């Protein structure tokens with residue numbers, strides 16, 4: 150029980166630090182995402198190294214970061230898709246399957 154409380158406190162502290170940084174005008178997410186970053190995020194889902202909801206949150210944060218200038222239309226397109234990578238489907242676990250993710254990698258590499 151105390152371990153859960155400790156972990157919750159840690160998350161709260163990290164969240165508050167992020168809010169202070171963002172409020173002060175700093176940008177934690179100041180690195181422009183590249184195509185390779187998108188591919189690596191997809192690969193991390195496929196390998197089981199990242200959860201879909203974490204990757205979705207990352208994509209939303211990148212997309213919503215006003216300090217970034219997302220000029221590559223391919224990066225922009227796949228950030229939007231990754232933002233929805235955790236959406237459930239009525240007939241399977243997720244709207245986008247692992248096959249879809251593999252197809253995205255192929256599309257990114259060919260553009």
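Residue numbers (my numbering): 150 to 260. Where a beta carbon is used, it is the ideal one built from N, C-alpha and C, also for glycine. Quick caveat, the model's predicted, so the values are computed rather than measured.
Exposure of residue i, with buried meaning 16 or more beta-carbon neighbours within 10 Å
{"i": "residue 205", "result": "buried"}
{"i": "residue 163", "result": "exposed"}
{"i": "residue 208", "result": "buried"}
{"i": "residue 266", "result": "In the structure as shown, the chain begins at 150 and stops at 260. Residue 266 is therefore absent and cannot be evaluated."}
{"i": "residue 185", "result": "exposed"}
{"i": "residue 211", "result": "buried"}
{"i": "residue 231", "result": "buried"}
{"i": "residue 159", "result": "exposed"}
{"i": "residue 190", "result": "buried"}
{"i": "residue 161", "result": "exposed"}
{"i": "residue 198", "result": "exposed"}
Nearest-angstrom Cβ-Cβ length linking residue i and residue j, presumed shorter than 8 angstroms
{"i": "residue 217", "j": "residue 181", "result": "6 angstroms"}
{"i": "residue 224", "j": "residue 166", "result": "That pair is no contact at about 28 angstroms."}
Unbroken alpha helix (DSSP H) run spanning residue i, endpoints
{"i": "residue 224", "result": "222 to 232"}
{"i": "residue 195", "result": "184 to 196"}
{"i": "residue 205", "result": "201 to 213"}
{"i": "residue 249", "result": "247 to 259"}
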